[in-house]
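Participant: Take a look at the following structure, please.
Residue numbers (full-length UniProt numbering), protein chains in the order written: chain A, 1 to 210; chain B, 1 to 210.
Structure (structure tokens):
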């Protein structure tokens, strides 16, 4: 089996979110598709280690947004490389709530969809949710980000599965704005490369112990 | 609900095929995604009226190819706008068989995947198949066709569902090379527009009754 064959498949790039009780979660996925037209139903596949997957199981609802081609890497860093258990991902980004009280991003996004889960399929490491669309709205006329554009033009990397996330330590050092990795050091070498997402020192910002 | 929001989703373009007994079938889909990496599993969603869906139910196996960006509209016409019950779709196009004896196209394609069905989800009008990948191969280094490229650059249309296909009548007239529609007439008006796929008279070729 030549796994490079899978690189020939094309995808968009989306953030799927949900809310259960007072907990919210969201993550980047490339696996949102429309399954049926009448009624409108969407499919989304999410790794079971993701907090978003667990909370969708609880709440039975999810929202999804299609990212704009101009979406910032820092946004994808927060939603794709960090864990909703350690971070209120929506805190730093403009958002509002749908009729299910699920938060979704209102900027850097071109369309949004709100769904109620009507079916699911256990795919092994991932769960596939079938959602009936309750709301759908164009947010911007701009082109949507494709996974190819994210990789080839934005030089983005594939987000790790949630189980390999590191909680952000309360330390003094330098934090990667892309993936959240913190280098515990008084200085940041100019040629330093992030061990998680492979960005250079220009992606880092100083952080202080709280 | 604003259905234009669904146009913001990005897809590739694929042909999914299968074989049950001595019957083969194949159709164009935009809904192939990778669900899991370990083991490699793919999801594909197919309208239940399609012969391909019925034969996958019987055989439990399918193949898929990612179309090349340069794939001909006539190929998409055969596989997207006609029915496998009326036409041996593979007869006119270079193909071979995978280890399950399922035919797949070897030209105008950039990658191919062969799967055994390990799960399915009834989505209403469509069936979702989860396939475990048995074979995967890069066929060409060229870019794959995206659904956006097919619509915007190639001016392609959305294939109808299978129940609206018309069997090709054995008549004298002019046949649309894109969708197979036959105008029963001795002459083809220069300004004629195909009622199925909306192409002009340049898409038509003369056919004779057998």
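Yeah, the Cβ is synthetic: ideal placement off N, Cα and C, and Gly gets one too.
For residue 5 of chain B, tell me which candidate among A:7, A:61, A:81 and A:40 has the shortest Cα-Cα distance.
Facilitator: Minimum Cα distance to residue 5 of chain B is reached at A:40.
Participant: Using a beta-carbon distance below 7 Å, is residue 8 of chain A in contact with chain B?
Facilitator: Yes, residue 8 of chain A counts as interfacial toward chain B.
Participant: Quick check: is the beta carbon of residue 127 of chain A nearer than 7 Å to any beta carbon in chain B?
Facilitator: So no, residue 127 of chain A is outside the interface.
Participant: Could you tell me which residues DSSP pairs with residue 20 of chain B in its beta bridges?
Facilitator: Looking at the DSSP assignment, residue 20 of chain B forms a beta bridge with B:23.
Participant: If the cut is a Cβ gap below 8 Å, which residues of chain B does residue 3 of chain A touch?
Facilitator: Within 8 Å Cβ-Cβ: 40 and 136.
Participant: Can you tell me where the beta strand (DSSP E) with residue 211 of chain A in it begins and where it stops?
Facilitator: In the structure as shown, chain A starts at 1 and stops at 210, and residue 211 of chain A therefore has no counterpart that could be examined.
Participant: Going by DSSP in three states, residue 89 of chain A sits in which element: helix, strand or coil?
Facilitator: Looking at residue 89 of chain A - three-state DSSP - the assignment turns out to be helix.
Participant: Using beta-carbon positions only, say whether residue 101 of chain B and residue 19 of chain B come within less than 7 Å of one another.
Facilitator: Yes, the pair counts as a contact, with Cβ atoms nearer than the cut-off.
Participant: Please report the Cβ distance between residue 213 of chain A and residue 12 of chain A, rounded to the nearest whole angstrom; I am assuming they are in contact, meaning their Cβ atoms lie under 8 Å.
Facilitator: Because residue 213 of chain A is not part of the residues shown, which for chain A are 1 to 210, the question remains open.
Participant: How about residue 110 of chain A and residue 8 of chain B: are their beta carbons less than 7 Å apart?
Facilitator: Cβ distance < 7 Å, so residue 110 of chain A and residue 8 of chain B count as in contact.
Participant: Would you please verify whether the beta carbon of residue 80 of chain B is less than 7 Å from any beta carbon of chain A?
Facilitator: It does not: the Cβ of residue 80 of chain B has no partner Cβ on chain A nearer than 7 Å.
Participant: So, residue 115 of chain B versus residue 133 of chain B, is the Cβ gap smaller than 7 Å?
Facilitator: Their beta carbons are under 7 Å apart, which means residue 115 of chain B touches residue 133 of chain B by this criterion.
Participant: How far does the alpha helix (DSSP H) with residue 127 of chain B in it extend, from its first residue to its last?
Facilitator: Run containing residue 127 of chain B: none in the alpha helix (DSSP H); it sits in the beta strand (DSSP E), 126 to 138.
Participant: Per DSSP, residue 173 of chain A is paired with what?
Facilitator: DSSP lists A:207 as partners of residue 173 of chain A.
Participant: Identify, in the order they occur along the chain, each residue of the same chain with its Cβ nearer than 8 Å to the Cβ of residue 164 of chain B, setting aside the five sequence neighbours on each side.
Facilitator: For residue 164 of chain B, the pLDDT reaches just 46, beneath the cut-off of 50, and the residue's location in the model is therefore unreliable, leaving the point undetermined.
Participant: Could you check what DSSP says for residue 180 of chain A in three-state terms: helix, strand or coil?
Facilitator: In this structure, residue 180 of chain A counts as coil in the three-state DSSP scheme.
Participant: Run through DSSP, which three-state label would residue 200 of chain A get?
Facilitator: Residue state, collapsed to three classes: coil.
Participant: Kindly indicate the opening and closing residues of the beta strand (DSSP E) around residue 35 of chain A.
Facilitator: Element bounds for residue 35 of chain A: 33 to 36.
Participant: What does residue 130 of chain A reach in chain B if we use C-beta pairs closer than 8 Å?
Facilitator: Within chain B, the residues near residue 130 of chain A are 121, 123 and 128.
Participant: Name, please, each residue of chain A whose Cβ falls closer than 7 Å to the Cβ of residue 60 of chain B.
Facilitator: Per Cβ cutoff of 7 Å: no residues; residue 60 of chain B is ~16 Å from chain A at best.
Participant: Looking at C-alpha atoms only, which residue of B:43, B:88 and B:14 is the closest neighbour of residue 71 of chain B?
Facilitator: The candidate whose alpha carbon is nearest that of residue 71 of chain B is B:14.
Participant: Since residue 106 of chain B and residue 94 of chain B should fall inside the 8 Å C-beta cutoff, what is the C-beta to C-beta distance between them, to a whole number of angstroms?
Facilitator: Right, the Cβ-Cβ distance comes to about 5 Å (below 8 Å), so this counts as a contact.
Participant: Going by C-alpha to C-alpha distance, which of B:189, B:131 and B:201 sits closest to residue 120 of chain B?
Facilitator: Minimum Cα distance to residue 120 of chain B is reached at B:131.
Participant: So which of A:174, A:64, A:33 and A:180 has the shortest CA-CA distance to residue 103 of chain A?
Facilitator: Answer by Cα proximity: A:64.
Participant: Quick one, which of B:10, B:84 and B:142 has its alpha-carbon nearest residue 16 of chain B's?
Facilitator: Taking only the C-alpha atoms, the option nearest residue 16 of chain B is B:84.
Participant: If you reduce the DSSP assignment to three classes, tell me which class residue 13 of chain A lands in.
Facilitator: Three-state result, residue 13 of chain A: coil.
Participant: On a Cα-Cα basis, can you pick out the residue from B:57, B:172, B:43 and B:27 that is closest to residue 21 of chain B?
Facilitator: Cα-wise, what sits closest to residue 21 of chain B is B:57.
Participant: For residue 199 of chain A and residue 193 of chain A, I'd like the C-alpha separation in whole angstroms.
Facilitator: Their backbone Cα atoms lie some 6 Å apart in a straight line.
Participant: Roughly how far, in whole angstroms, is the beta-carbon of residue 136 of chain A from the beta-carbon of residue 1 of chain B, given that I think they are within contact range, below 8 Å?
Facilitator: Contact flag correct, Cβ pair sits at about 5 Å.
Participant: Distance, Cα to Cα, residue 86 of chain A vs residue 25 of chain A?
Facilitator: Between residue 86 of chain A and residue 25 of chain A, the C-alpha separation is close to 10 Å.
Participant: Please check if any C-beta of chain B sits within less than 7 Å of the C-beta of residue 110 of chain A.
Facilitator: Answer yes: the Cβ-Cβ gap between residue 110 of chain A and chain B drops below 7 Å somewhere.
Participant: Could you run through the stretch 17 to 50 of chain B and flag, in chain order, every residue whose CB is less than 9 Å away from some CB of chain A?
Facilitator: Correct list: 30, 31, 32, 33, 34, 35, 36, 37, 38, 39, 40, 41, 42, 43, 45 and 47.
Participant: DSSP state of residue 120 of chain B, grouped into three classes?
Facilitator: It is a strand residue.
Participant: Closer than 7 Å, CB to CB, is residue 146 of chain B near chain A or not?
Facilitator: So yes, residue 146 of chain B belongs to the interface.
Participant: Look up residue 193 of chain B in the DSSP assignment and say whether it is helix, strand or coil.
Facilitator: Strand.
Participant: Mind checking which residues open and close the alpha helix (DSSP H) that includes residue 76 of chain A?
Facilitator: Start and end: 73 to 81.
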